[in-house]
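Protein chains in written order, with numbering that gives the first Met the number 0: chain A, 0 to 351; chain B, 0 to 164; chain C, 0 to 746. We treat Cβ as the ideally placed atom computed from N, Cα and C, and that holds for glycine.
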Amino acid sequence: MNRFDYLRPASVAEAISAGRKPGSAYLAAGTNLLDLMKGGVARPALLIDITRLPGLDGIEVLPNGGMRVGALVRNSDLAYHPVFSKRHPAVAEALLSGASAQLRNAATVAGNLLQRTRCAYFYDTASACNKREPGAGCDARDGENHLHAVLGWSPECIATHPSDFCVPLVALDASVEIEGPTGSRVVPLDSFHRLPGSEPQLETVLSPGELVVALHLPASAAGYAAHSRYLKVRERTSYAFAVVSAAASLRLEGGVVSEARLALGGVALKPWRARAAEQVLAGRACDEAAFAEAAEVALADAKPSGDNAFKIELARRILVRALGLAAAGTPDRMPALPGSVFAQPEGLALHA
Amino acid sequence: MNSTLSFTLNGMRREVAIDDPRITLLDLLRERLDLTGTKKGCDRGQCGACTVLLNGRRVNACLTLALSCDDAEVLTIEGLSEGDHLHPVQAAFIEHDGFQCGFCTPGQIMSAVGLIQEGQAGDDPERVREGMSGNLCRCGAYAGITAAVLEAQAQLHRQTQGEAA
Amino acid sequence: MPETAPVHIRQGSSIGQPLTRREALLKVTGRARYAADNHPPGMLYAVVAASSIARGRVASLDVTAAKSHPGVAEVMTPANAPKLAQDPDEKANPFTFRLDLLQNDRVRYANQAIAVVIAETLEAATEGALLLRPTYETEPAHVVFASATPFVPPSVGVGDQPKASRGDVESGLTGAEKRVDATYETAAQYHNAMEPHAIVAQWDGDRLVIDTPSQGMAMAQSRIAGLFGIDQADIHIRSPFLGGGFGSKGLISGPQVLGIMAARLVNRPVKLVLRREQMYGPVGHRAATRQSFRIGAKADGTLTALDHHTVTASSSFDDFFEPSGGVSHTLYATPALSTTYEAVRLDMGTPLFMRAPGEASGSVALEGAIDEMAESCGLDPLEFRLKNYAEVEPLTGKPFSSKALRDCYVQGAKRFGWASRPLAPRSMRDPAGLLVGWGMGTATFPALMFQAEARAELRADGTGTVDIGAHDMGQGAWTALAQIAADGVGLPLDRITFNMGTSDLPNAGIAGGSAHTATAGSAIHNAGASVIAALAALATNDERSPLFGAGNTGVLARDGRLMRRDDESRGESYSDILNRAGRHSVEGKGQAAPNPGTQQSYAMHAHGAVFAEVKVDPTLGQIRVTRLVGAFAAGRVINPRMVESQYYGGMIWGISFALHEQAITDARSGRITNANLAEYHVPVNADVPSVEAILVDEHDPHVNALGIKGVGEIGVTGTAGAIANAVWHATGHRARKTPITLDTLIR
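Here you go:
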């Protein structure tokens, strides 16, 4: 890890002023940044410790019925927050399916949004990576890539975004409140992360100095609370990144879907909202045929970026399953294994 | 650069000069304060051997910058027992053989203490297993660990009720 | 093994007790001091810079940049590394492995040490290593197992023949009514003990003190003495606790020696701890294998031939060949049997013993192939195994010194509820609709003995001391050996001091091969016999003793007293004997070694039966082992609590083998892409919902005086195969490649 200067600003304005300087980085819990610094992937000259900034750790219901979650709220605090978890159970489930209890106790809301890819070639500084070093090439293309992207990738980058949290958030139209040198703005989460295109080094829409201060969920998002699930397939029962994951939220009226919200995780460099598939479901009865059709539509543009074609079929299947679980209803209590295929209600018919 | 870190470590107020901003909480404990009970297994938040309680919550000390612990309360394995009087989690780990080589054990125990304080697992073994999954044990003492956590939790609850009565 | 004549009997109540670990208090309070917890005054930190290429040479290192980083004291490279007294590539014996010690600029594998940065702080040394920014002359690397050219290795494991057979396999196959021809593949695996390899080295002239985890201190002393040209007696190793070893700390590794060299270079104490990602290369691993079977059977399920061909890999510069065929020599009765090997050389670190080396990889493959044959014959897998139960060792025809495998099958099956298993795959579901499968495997591991020495002392105050340089890597040596020691000198456990874990104690041999309790325990037992004999001689030759003249009868030692064997009312305390003789203490020594006679006459193995339940998501493919029951017979049990834990640990390694562990290597660079604990998966707590171990009674009069077989490794065997077979039973898919990953189940 390189030597760096350490600054603990007293206000958001002071933080932003310092954050505009090239080579600076905001430090919250550090669960991702310190990891990257230890690997030599990130070498900031200045760390701006924002953990003491006032007013960034609140969870509140706004007068418009939406929720505002401060950027510094810890993942576990949000997941167990009585109001938030009732209104947004799939988000809570996604949070609790990620990482470990220790990491969730430390990691913040904004840090989760801003976490970097787990692509091995991004982490390995001896490998070519356009994201780490623009123009260097992408060693993942012809390398070990069975967990890489199947949607939205480019020849320059086939990495995925590793967040669980972001998947239901993007489905539920969350947005990101940003403070910056030129004032504040709110960006839909779906537009917050960039697809790689020809500039995979640009990961979000944040400009230099801009600081995520809060996350917003619209009032409408709470309308899905009765039928909202997050499901995550992984290579061990816990403490593993998703192979693929899905968030499904439904509003049902008399067994018919009035509105659906769908997103996939582990398939692209951003949490992948499946809007066209949502449209397929609107007005349809809650049955396997409708779910399968929606899944087909959701993955219509998918293509393997390497030895990972299986993820396309897996993504279809997990969407179908997540929809089935959502239709069956949000469980009264968080499953013992959040987001796991091994903690699902009895009697839900699994075919095949 | 020289900074002073003021924090409470195992119940004692400490002022520590930090001459290098890179020092993690883990390396501060192990290499500068001679508190070597907290272990380094991966240094990347992937094994849980470095688990300590920071402001009462279990975290990975390897991914915590020491400077960011200013004013914080840190509890390590060395501060858990009162003299030779073991914390119930420690005693239960011995009884249930919740370790073999012992290297992950301080982290497992601090994680278990944190899990019990969080109060989310209840007496459901499956929730305990999930809640303890951030602590790898290569020797494979998981069955004993789960049993130990459940027993210690039950005992702590009985103690709390006893005090309330 | 004969006791020291005349025959004195010792009785104690320690052996067999489920005592908790004697070092437990230290471990649960953080006071157990592992190697990296030491911090002598004036100590510097050393950090390895590792190669990012797999073959070639280092062209340049920016030593200036590293040295100009504040706090960096020195950079050790081939230019200034201490010259060694012995070429580290010189092989004195098959247990000597070639080490990369900065004696030249060659790179033979990714993650090889190419420099060591030494600094005042860990932070400075770590950054200094990064600042070296090496450049290389890279040569094309061969790291792909499947594309390399195979050859027949001269030997496999440590000195085993690469070819063994009995009977006529080809005619056995020709005459068979059922045939299974199948190829199984196992992945490369890394030990990944939770404690990274670490050393704190201090020189005082030509004397060396090191704190380092070791499964074999005497061998480490010998290796270090040779490399540095110093006297073995001048090397003091402290290794009271290992944070896991699993074979990777059996021999001193290159990075540990580099720590010693660094300390010599800077003439100050140095601590060197490998970073987790640096453990994927220089400290050994289990090589990948491809194992092909040709098995024949009669229609009724009687085996007629078994041919087991293993292809494995070693490094480009040294020999260790995973001996996977061994399990086929011992497990199933067959009139014709053949095991053969081929190997390839890859630009990777040299493989090494990793928990059940050969047995683990061989077992998962053999148990799968045997299950396929059972399926082909339409037989229940347990019935098939019983039908082909080996009453004598199939390869050698030798009788077993003991073999309670049938009891293991029966007790394990009963506990598991195996009898209600439907024969057809894909016929069970749980209430949530998950596929459920039951599978089984037979466990086996040889009962080995190495050489060891021990020392015992009894004192006039009624206490005793037993010394042996034994190693505890978690298996429970501090406890189990102390139990043997207490009974060995006829004292209660709380009246003896038991010392181990340092190299100035008698040589306990290596803690490996599941043989440490048997070996070190036998040496302790014999040391006890010797000290009791000395004490008895004092008494029986002393007219004032109630034991006078009992020399021919022999005495009985128990609870600090000697008594006549024919009349226990006539006896006296150890203290009385020593005080009357005016002796402060009496000493005895004991040794242990394999007995060539019994080895010639008997096949000696531990056995077990493992039953596994898995659940598999029918559409998403995710797998979980929901239940494991293992029943093991391994001779005498010294401490059932510790033995049970060893079985659990081994069985969880079986889960890991079957479903999780694999090192993924980039074919171009030769670097392992998942060299970390986030993506090199080992089981977490949630992967182990239920594990049970049954300790099956077994009396073995031949293996050693105490009747002990090993328990450390057998649990891995049988289990991985049982899980793979359960996955087949759940899904109908026969996975012949481990780890079994979900993508293979949904395709």
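- Here the alpha carbons of B:A65 and B:L27 stand approximately 7 Å from one another.
- Residues of the segment 41 to 71 of chain B that bring their beta carbon within less than 7 Å of a beta carbon in chain A comprise D42, R43, G44, G47, T50, R56, R57, V58, N59, L62, T63, L64, L66 and S67, in sequence order.
- When only Cα atoms are considered, C:G720 and C:E366 end up about 5 Å apart.
- Sixteen is the threshold: when 16 or more other Cβ atoms of the shown chains lie within 10 Å of the Cβ of C:T125, as they do, the residue is buried.
- Annotation: Cβ neighbours of C:K26 in chain B (cutoff 9 Å, chain order): F92, I93, F98, C100, G101, F102, T104 and P105.
- Think of a sphere of 7 Å around the beta carbon of B:D19: the chain C residues whose beta carbon falls inside it are T120 and E122, in chain order.
- Counting of Cβ neighbours within 10 angstroms places C:L555 among the buried residues, the total reaching 16 or more.
- Identification of chain C residues near B:R128 by a Cβ-Cβ cut-off of 9 Å yields V683, N684, A685, D686, V687 and P688, ordered along the chain.
- Cα atoms of C:S13 and C:E697: separation of roughly 19 Å, rounded to the nearest angstrom.
- Residue contact check for A:I317 against chain C: a CB pair falls below 9 Å.
- When C:G607, C:R165, C:R454 and C:M472 are compared, the shortest CA-CA separation from C:G629 is found for C:G607.
- When the beta-carbon positions are compared, C:M193 and B:C136 come within less than 9 Å of each other.
- Only exposed fits A:P207, as fewer than 16 other CB atoms lie within 10 angstroms of its CB.
- A:F240 counts as buried, since at least 16 other C-beta atoms from the protein chains shown sit within 10 angstroms of its C-beta.
- For A:G57, not one C-beta of chain B is nearer than 9 Å to its own C-beta.
- At a cut-off of 9 Å, the C-beta of B:D123 has no neighbouring C-beta in chain C.
- C:L43: member of the beta strand (DSSP E) spanning L43 to A49, first to last residue.
- For the pair A:S304 and A:N144, the CB atoms are nearer than the 9 Å cut-off.
- Taking one beta carbon from each stretch, the segment 397 to 410 of chain C and the segment 589 to 605 of chain C have 3 or more pairs nearer than 8 Å; the two touch.
- Counting the other CB atoms within 10 Å of its CB gives A:V211 a total of 16 or more, which places it among the buried residues.
- Under DSSP, the beta-bridge partners assigned to C:T464 are C:E456 and C:T496.
- C:D180 carries a strand assignment under DSSP once its states are collapsed to helix, strand and coil.
- The straight-line gap separating the alpha-carbon atoms of C:V683 and C:P356 is approximately 23 Å.
- Using a Cβ-Cβ distance cut-off of 8 Å, the segment 25 to 38 of chain C and the segment 72 to 82 of chain B are in contact, since at least three pairs of beta carbons, one from each stretch, lie closer than that value.
- Interface residue (Cβ-Cβ distance to chain B less than 9 Å): C:I651 is classified as such.
- Within chain A, no residue has its beta carbon less than 9 Å from that of B:S5; the closest one is some 13 Å off.
- As DSSP reads the structure, C:H235 sits in a beta bridge with C:V208.
- Burial check for B:T3: the Cβ neighbour count within 10 Å stays below 16, so the residue is exposed.
- CA-CA distance, C:A48 to C:L83, rounds to 20 Å.
- A straight line joining the alpha-carbon of C:K386 with that of C:P393 spans about 14 Å.
- In this structure, C:S252 places its C-beta atom within 9 Å of the C-beta atom of C:P281.
- For a Cβ distance threshold of 7 Å, residue set T35 of chain B lies close to C:D36, ordered along the chain.
- In this structure, the beta-carbon distance from C:L433 to C:V615 falls below 9 Å.
- C:G512 does not reach chain B, its nearest Cβ partner there being about 18 Å away, counting only Cβ pairs nearer than 8 Å.
- For C:I654, the closest alpha carbon among the candidates C:G706, C:V690 and C:L305 is that of C:V690.
- If the five residues before and after A:P337 are omitted, its C-beta is found closer than 7 Å to the C-beta atoms of E92, L95 and S96, all from its own chain and listed in chain order.
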